[in-house]
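In the numbering used here, the protein residues as written are 972 to 1325. Cβ coordinates follow ideal geometry from the N, Cα and C atoms, glycine included. All values derive from a computational prediction rather than experimental measurement. What follows is a short report on a single structure.
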């Protein structure tokens, strides 16, 4: 491994975990970029969820990269949680396999956690692969709409020169956390197979009084939704269900009573809008299925809520306070996200042409 910086973090080890499932198309470029920027005190670990393609062979082409094989697809949360006991780092970095990191991306993430004890999770600025368009500079949140990618569809230049964004949540595609805090939080929520784990982990950290910070000098390029599609019905179902469960678990009782029905209504309206805009009724059906699934799982959802509420240290007014919280106060703000998503999707198709 080469080393582009001389930081040794006082001997503390950093573990970069790259979750992979049949990602042969992306894994090589991802590992090449990470290894280029790694140092002896950084271990790079591929967490493989039972890939049947050439992923393992690709990973073994990189000396020093270790593989933690699960043998089956455990999903995002269980995949990472099962791998953490197998790594040594005092700092954990979770990185999607469909990313390529810019040189120097790692130091700002770790230095933010080392120098600012009140920051619980640091995240990278994410650009759509092959563009200078923002995928995410962390996440925003409202009681109506749930979580949304902050900065989605904006020019990257609009954020240059700023050191950080005070986000509501860090995107799980590229985020760092102290091992001690990750274990205190119990890791990622394993009820979620995919989507919403990053919002949930960030929110639970906020309930303990921590801030979430997107470190803008840390830049990664992301093939957004490479596995599921940017707006696939299955993704809509999982995102809607998981966001509702997160809201029920993390909000105080008064906010649950008024925001959860509002979110459910908005989700149905959103599903209907997507069904019309994308000419596919399955988006509305997927939304309805998500709400039904949440109701069927009520006992598990409320048991989870009791556990989270018993450990919280700060009220909602403090946990929800951040630069990004008030950014999209109107439900109409989501329509801008949908419009930007369609524009970005068209741009990516153009870039993919031979």
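Rounded C-alpha distance that separates residue i from residue j
i, j, result
"residue 1152", "residue 1205", "31 Å"
"residue 1266", "residue 1121", "29 Å"
"residue 995", "residue 1254", "29 Å"
"residue 1035", "residue 1148", "22 Å"
"residue 1138", "residue 1203", "26 Å"
"residue 1033", "residue 1055", "21 Å"
"residue 1031", "residue 1039", "12 Å"
"residue 1155", "residue 1232", "31 Å"
"residue 1060", "residue 1251", "46 Å"
"residue 1130", "residue 1274", "41 Å"
"residue 1125", "residue 1027", "36 Å"
"residue 1010", "residue 1176", "29 Å"
"residue 1087", "residue 1150", "15 Å"
"residue 1111", "residue 1290", "13 Å"
"residue 1078", "residue 1247", "45 Å"
"residue 1164", "residue 1076", "28 Å"
Cβ-based neighbour list, residue i, same chain, cut-off 7 Å, excluding 5 preceding and 5 following
i, result
"residue 1053", "1041 and 1045"
"residue 1058", "986, 988, 1014 and 1016"
"residue 1169", "1140, 1141, 1142, 1143 and 1146"
Presumed contact (8 Å Cβ cut-off) between residue i and residue j, rounded CB distance
i, j, result
"residue 1100", "residue 1193", "6 Å"
"residue 1221", "residue 1183", "About 13 Å separates the two Cβ atoms, so there is no contact after all."
"residue 1288", "residue 1178", "Not really, about 12 Å apart at Cβ, beyond 8 Å."
"residue 1108", "residue 1187", "7 Å"
"residue 1190", "residue 1095", "6 Å"
"residue 949", "residue 1062", "Missing from the structure shown is residue 949; the chain here goes from 972 to 1325 and no further."
"residue 1234", "residue 1213", "In fact, because the Cβ distance is near 12 Å, the residues do not count as touching under 8 Å."
"residue 1092", "residue 1173", "6 Å"
"residue 1271", "residue 1162", "7 Å"
Own chain residues within Cβ distance below 8 Å of residue i, not counting five before or after
i, result
"residue 989", "998, 1001, 1002, 1005, 1015, 1016, 1017, 1018, 1066, 1067 and 1068"
"residue 1012", "979, 980, 982, 983, 984 and 985"
"residue 1257", "1204, 1205, 1207, 1208, 1211 and 1242"
"residue 1025", "995"
"residue 1022", "991, 992, 993, 994 and 995"
"residue 1090", "1083, 1084, 1181, 1182, 1183 and 1184"
"residue 1286", "1223"
"residue 1239", "1255, 1258, 1259 and 1262"
Start-to-end residues for the beta strand (DSSP E) that takes in residue i
i, result
"residue 1052", "Here residue 1052 belongs to no beta strand (DSSP E); instead the alpha helix (DSSP H) covers 1046-1054."
"residue 1334", "In the structure as shown, the chain begins at 972 and stops at 1325. Residue 1334 is therefore absent and cannot be evaluated."
"residue 1083", "Run containing residue 1083: none in the beta strand (DSSP E); it sits in the alpha helix (DSSP H), 1077-1086."
"residue 1095", "1090-1099"
"residue 1064", "1062-1067"
"residue 1058", "Neither: residue 1058 is in no beta strand (DSSP E) and is coded neither H nor E."
"residue 1138", "1135-1138"
Opening and closing residue of the alpha helix (DSSP H) in which residue i lies
i, result
"residue 999", "995-1007"
"residue 1030", "1026-1030"
"residue 1290", "1287-1290"
Beta-carbon contacts of residue i that lie in its chain and below 6 Å, excluding the five residues immediately before and after
i, result
"residue 1199", "Residue placement at residue 1199 is flagged as unreliable, the pLDDT there being 47, under the threshold of 50; the coordinate-derived value follows with that caveat. The residues are 1206."
"residue 1114", "1230"
"residue 1127", "1098, 1103 and 1105"
"residue 1245", "1254"
"residue 1262", "1235"
In chain order, each alpha helix (DSSP H) run of at least 4 residues that lies wholly inside the region 1218-1276:
Correct list: 1224-1248 and 1253-1267.
Can you list the alpha helix (DSSP H) stretches of 4 or more residues lying completely in the region 1148-1187, in chain order?
With a minimum length of 4 residues, the continuous alpha helix (DSSP H) runs that stay inside the region 1148-1187 are 1150-1155 and 1168-1177.
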